[in-house]
Amino acid sequence: MTSERSRQYPPREQNPVESSILGTRIRQRRREIGLTQAELARRIGISPSYLNLIEWNKRRIAGGLLRRTAEAVDLTVEELDDDTGRRLLDRLSEIAQLPELADVGIEEHRTNEFVGRFPGWAQGMAALAQSEREATVRAQIVADRLSNDPFLSETVHRMLTRIAAIRSAAEILSDYPEVPQARRQRFTDIVNEESRTLTGIAEALAAYLDKVEASDRKLTPVDEVEALFAERQNRFAELDAAAAPLASRLSSLHPGGRRDEARALAEAHLQEIVESLCRQPPIETAAARARARRRLMDYATGAVLMPLADFVSRAADLRYDIEALAEAFAAEVESVCLRLTALSPGKETPRFGYFRANAAGTIIEMLGLEGLTVPRYAAACPLWVLYRAQGSPEAVLPQRVLFPSGARFVFVARATGVGPSGFGRPRHYVTDMLVMREADATHTVYGPDPRALVEEVGPSCRLCPRRSCLHRVEDPFAE
21 MTSERSRQYP PREQNPVESS ILGTRIRQRR REIGLTQAEL ARRIGISPSY
71 LNLIEWNKRR IAGGLLRRTA EAVDLTVEEL DDDTGRRLLD RLSEIAQLPE
121 LADVGIEEHR TNEFVGRFPG WAQGMAALAQ SEREATVRAQ IVADRLSNDP
171 FLSETVHRML TRIAAIRSAA EILSDYPEVP QARRQRFTDI VNEESRTLTG
221 IAEALAAYLD KVEASDRKLT PVDEVEALFA ERQNRFAELD AAAAPLASRL
271 SSLHPGGRRD EARALAEAHL QEIVESLCRQ PPIETAAARA RARRRLMDYA
321 TGAVLMPLAD FVSRAADLRY DIEALAEAFA AEVESVCLRL TALSPGKETP
371 RFGYFRANAA GTIIEMLGLE GLTVPRYAAA CPLWVLYRAQ GSPEAVLPQR
421 VLFPSGARFV FVARATGVGP SGFGRPRHYV TDMLVMREAD ATHTVYGPDP
471 RALVEEVGPS CRLCPRRSCL HRVEDPFAE
């Protein structure tokens with residue numbers, strides 16, 4: 021027979037780190053206003069012993085009990101049950117899992133108490149870790165750029181050529197004093213001319229590096245557009261709201277025809293919003309505006325094809341199965357993958373990243389994921405399933421990966437034919453790849469199979485420290 025207590029109260033949480041920090045916040049607030057545990061329990065209508073369990077995060081609290089508790093401690097529900105605390109808890113839990121902290125002995129089971137009792141210190145720790153992570157990423161980008169940036173390579177080569185010419189002329193002037201004056205003047209002119217050229221090259225290089233170092237400026241049109249999407253977390257609410265009513269005008273049942281209809285509707289009705297977004301601060305150059313216009317129109321097309329409210333519901337029901345979603349909305353897999361990146365991450369909603377590569381291995385579109393380092397000026401790791409998928413066209417290939425940093429992800433790739441097809445025609449493919457953290461993948465059909473191989477991969481050869489990798493083609497930039 022079920023007892024009254026078991027009907028009234030939820031079961032004990034198994035993992036306190038995953039539980040809410042509400043209990044700690046309630047305990048701290050109760051002490052701040054001078055309430056005893058017994059008095060607060062009386063006001064909200066529960067026993068002191070059960071309140072004690074709540075305050076130590078042994079029981080969850082929600083609904084009417086949460087509202088009564090908030091009123092009893094003179095706070096609103098929003099002030100008491102703030103998502104900021106949970107996000108901070110998640111960030112600190114990630115920090116505790118960093119490989120470099122494995123031997124420190126962090127009391128992970130007390131993370132929620134730390135956040136609740138010392139929110140300022142917790143924010144500081146998270147900010148410090150974020151700063152360190154950003155510095156590491158910047159260093160990796162610089163290493164990548166020094167190794168592969170064609171402008172730097174060409175400029176350094178030109179400088180070395182001019183320096184060699186100056187040195188040769190100077191050696192002749194120094195080692196052969198008997199050279200006639202007319203010829204000496206010729207070599208002096210060479211030194212003078214090459215020095216001026218070298219100065220111009222050096223000034224151009226300095227200006228270029230100044231632009232690289234300017235934290236508030238973007239290096240290329242690609243960087244400007246990526247900054248816009250990163251600031252919005254790949255979601256544009258104004259486009260979603262305006263696109264939703266247009267979905268009812270779609271009539272084609274074929275994915276290609278339906279996409280063309282959605283594109284035409286987006287261009288006819290959403291152009292003004294797109295142009296407004298293209299004028300926002302991260303977009304500074306004409307080239308970036310043209311690129312942003314294309315990317316935003318792709319987003320708007322997806323918003324017409326898959327209205328956000330319907331898509332959120334169906335995606336959860338289908339556990340984020342890209343093929344099932346493509347069938348449900350009569351859309352292409354590429355559109356589904358891009359739409360998934362627009363979802364706001366939540367307790368059971370993963371944060372998705374997206375990559376698209378052509379047959380040459382060039383990443384032609386990217387919506388990155390925090391913690392996943394991707395080379396900007398060189399090919400990515402050849403072990404990524406992104407490159408393997410074109411050997412099995414139209415098949416969905418999942419891959420569990422482990423990066424040198426210790427970060428674990430699940431990649432899901434599918435190669436799709438593009439361009440005209442027919443007998444005697446060559447087939448061309450592009451690969452779409454969805455990316456999610458391994459922990460997030462448990463909420464999807466691609467949840468990691470414990471029997472599946474975990475493949476050790478890296479960002480690229482120059483940024484990867486795995487010296488023993490059989491597929492390495494370049495040495496790491498730095499040991």
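Residue numbering for the sequence shown is 21 to 499, as defined by my numbering. Where is the CB? At the ideal position from N, CA and C, for every residue including glycine.
Nearest-angstrom Cα distance between residue i and residue j?
i    : j    : result
A377 : A224 : 33 Å
A379 : F431 : 18 Å
A336 : L328 : 12 Å
T462 : P468 : 7 Å
A142 : Q150 : 12 Å
S215 : L180 : 12 Å
S235 : L392 : Confidence in S235 is poor, its pLDDT being 47 and thus under 50, which makes the residue's placement unreliable; the coordinate value appears in the next sentence. Those two C-alpha atoms are separated by around 20 Å.
A350 : P275 : 5 Å
E494 : R482 : 6 Å
N72  : L345 : 45 Å
A202 : P241 : 51 Å
Q117 : A146 : 13 Å
A320 : K367 : 26 Å
E99  : E91  : 11 Å
S173 : P470 : 45 Å
M456 : Y340 : 11 Å
L218 : R314 : 40 Å
D460 : P370 : 5 Å
L85  : A307 : 55 Å
L229 : F171 : 11 Å
P496 : V394 : 15 Å
A155 : R62  : 51 Å
E191 : E198 : 13 Å
Since residue i and residue j are thought to touch, with beta carbons under 8 Å apart, how far apart are those beta carbons, to the nearest angstrom?
i    : j    : result
A433 : L422 : Actually they do not touch by this definition, with Cβ atoms about 17 Å apart.
F207 : A227 : Not quite, the Cβ-Cβ distance comes to about 31 Å (not below 8 Å), so this is no contact.
A282 : L270 : 6 Å
M317 : V294 : 6 Å
L193 : R204 : 6 Å
L454 : C357 : 5 Å
R187 : I221 : Not a contact, Cβ separation roughly 16 Å.
P139 : G426 : So it is not a contact: roughly 27 Å between Cβ atoms.
Which class does residue i belong to by DSSP, given the choice of helix, strand or coil?
i    : result
T16  : Missing from the structure shown is residue 16; the chain here goes from 21 to 499 and no further.
I384 : strand
L417 : strand
V332 : helix
V432 : strand
G442 : coil
E91  : helix
G84  : helix
F372 : coil
M179 : helix
G411 : helix
L389 : coil
L338 : coil
R252 : coil
A377 : strand
E475 : strand
M456 : strand
G366 : coil
A270 : Looking at the sequence shown, residue 270 is not Ala but Leu. Looking at L270 - three-state DSSP - the assignment turns out to be coil, as it is neither helix nor strand.
G54  : coil
G437 : strand
Looking at residue j and residue i, is the spacing between their C-beta atoms short of 8 Å?
i    : j    : result
I210 : A250 : no
R50  : L60  : yes
G322 : R359 : yes
C484 : P424 : yes
T464 : V450 : no
T96  : I64  : no
V324 : L285 : yes
R420 : L473 : yes
I46  : V135 : no
E352 : P302 : no
E458 : R428 : yes
G381 : A399 : yes
R137 : Q48  : yes
A312 : C298 : yes
message = With three or more beta-carbon pairs closer than 8 Å as the criterion, would you say the region 403-416 touches the region 290-305?
response = no
*Is the region 106-121 close to the region 64-79, with three or more CB pairs under 8 Å?*
no
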